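> Here the sequence shown is numbered in our numbering, starting from -17 and rising by one per residue. C-beta atoms are modelled at their ideal positions from N, C-alpha and C, and glycine is treated no differently. In this text, all values refer to a predicted model and were calculated from it rather than measured experimentally. Structure provided below as structure tokens; questions to follow.
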Amino acid sequence: MQFTHSWYKNIIKLAKEQGYSFCDYSNYNRHEQEIILRHDVDMSLDKAVEMAKIENELGVSSTYFVLMFTNFYNIGGNRERGLIKELVGLGHNVGLHFDDTVYCSEKDRRSFDYSKAITQEARILSDILGEPVRFMSMHRPDKVTLDMNINTEGIINAYDKLFFDGEIKYVSDSRRRWREDVDSIIANRTYDKIQMLVHPLWYYEKEISISEALKKIIDSSVSDRYMAIKENISRIDEILNENDYM
């Protein structure tokens, strides 16, 4: 398995050839073989849109979970809002990626009102999307959080026990490592139903290391900051050389 666009295209094509249908958390269980395809947008909306375009070309729809509060991107910014809307325009779902560490410490989690906070964040994201948020996933959940089986009215939790009851196989490329041979699983139709989590930030045209992938995220933040400065200071070229930051 490679972390390249070509590998990702091939695994999607293979899944379709093997009879898998792609679905989301609201319309699964309608086909004998199906894949709930999901993406956690942890660091880069640009990488998310990049992957969304690939899926659109292949006629596949997936769900992208975005963070409301993160140091990596600002969904309140015009550019970021445009990228989120582009995901929808490409035929995908956008869900809430909820980070409970924004609100409470580990010892306070059991008494924290998850439903209230999730509803508040979902309302903001819905305003950006122009449509209701239907799905949410937890950001880096541990066993304690998962065991809570958090439910919020009108919003389906991707970590609901319903999706981890043994009937649906969960596979993920977290930390840029597939724990199982996804190629073989799909080629051999080992499981009829799969929830597949793919993080867009790992995938490029050519194979690169995990350190190189993370360095690209760091480099992109520099160019993003330069563009923000450029929008706020006239004649910035008289002060800074754009080639040093782009």
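On the DSSP letters alone, give me the boundaries of the alpha helix (DSSP H) that Arg63 sits inside.
Taking the first residue of the sequence shown as position 1, residue 63 is located at position 81. Segment Asn60 to Gly71, the alpha helix (DSSP H) holding Arg63.
> Would you say Tyr185 and His(-13) are within 8 Å of each other, going by their C-beta atoms?
Taking the first residue of the sequence shown as 1, we reach residue 185 at position 203. Taking the first residue of the sequence shown as 1, we reach residue -13 at position 5. Yes, Cβ-Cβ distance for Tyr185 and His(-13) is below 8 Å.
> Inspect the beta-carbon positions of Leu(-4) and Ala210 and report whether they are closer than 8 Å.
Taking the sequence shown and counting its residues from 1, one reaches residue -4 at position 14. Taking the sequence shown and counting its residues from 1, one reaches residue 210 at position 228. Their beta carbons are not under 8 Å apart, which means Leu(-4) does not touch Ala210 by this criterion.
> Is Ser26 near Phe54, with beta carbons less than 8 Å apart?
The residue labelled residue 26 in the question sits at position 44 within the sequence shown. The residue labelled residue 54 in the question sits at position 72 within the sequence shown. Contact flag set, yes.
> Between which two residues does the alpha helix (DSSP H) holding Arg20 run?
In the sequence shown, residue 20 corresponds to position 38, counting from 1. Note, Arg20: premise wrong, no alpha helix (DSSP H); beta strand (DSSP E) at Glu16 to Val23.
> In chain order, what residues of the same chain have a beta carbon less than 8 Å from the beta carbon of Asn75, not counting five sequence neighbours either side?
By 1-based counting over the sequence shown, the position of residue 75 is 93. These residues qualify, in order along the chain: Asp6, Ser43, Ser44, Thr45, Tyr46, Arg116 and Phe117.
> Could you check the C-alpha separation between Phe145 and Gln177 for me, to the nearest Å?
Taking the sequence shown and counting its residues from 1, the one referred to as residue 145 is at position 163. Taking the sequence shown and counting its residues from 1, the one referred to as residue 177 is at position 195. Whole-angstrom Cα-Cα distance: 8 Å.
> Keeping to the same chain, check which residues put their C-beta closer than 8 Å to that of Val153; ignore five residues upstream and five downstream.
Taking the sequence shown and counting its residues from 1, the one referred to as residue 153 is at position 171. Once the five neighbours on either side are set aside, the close Cβ partners of Val153 are Trp160, Arg161, Glu162, Val164, Ile167, Ile176, Gln177, Met178 and Leu179.
> Figure out for me which residue from Ile18, Lys29, Lys89 and Leu69 has the closest Cα to the Cα of Phe(-15).
Start at 1 with the first residue of the sequence shown, and residue -15 comes out as number 3. Looking at the Cα atoms, Lys29 is the closest of the given residues.
> Just to confirm, is the Cβ distance from Ala104 to Leu78 under 8 Å?
Here residue 104 refers to the residue found at position 122 when the sequence shown is read from its first residue. Here residue 78 refers to the residue found at position 96 when the sequence shown is read from its first residue. In this structure, Leu78 lies closer than 8 Å to Ala104 by Cβ.
> Less than 7 Å between C-beta atoms, sequence neighbours within five positions excluded: which residues of the same chain meet that for Ile36?
Your numbering for residue 36 matches position 54 in the sequence shown. Counting only Cβ-Cβ distances below 7 Å, and skipping sequence neighbours, we find His(-13), Tyr(-10) and Lys(-9).
> Report the residue from Asn9, Ile18, Ile(-7) and Asn56 whose alpha carbon sits nearest the alpha carbon of Asp174.
Residue numbering aside, residue 174 sits at position 192 when the sequence shown is read from its first letter. Of the candidates Asn9, Ile18, Ile(-7) and Asn56, the one whose C-alpha sits nearest the C-alpha of Asp174 is Ile18.
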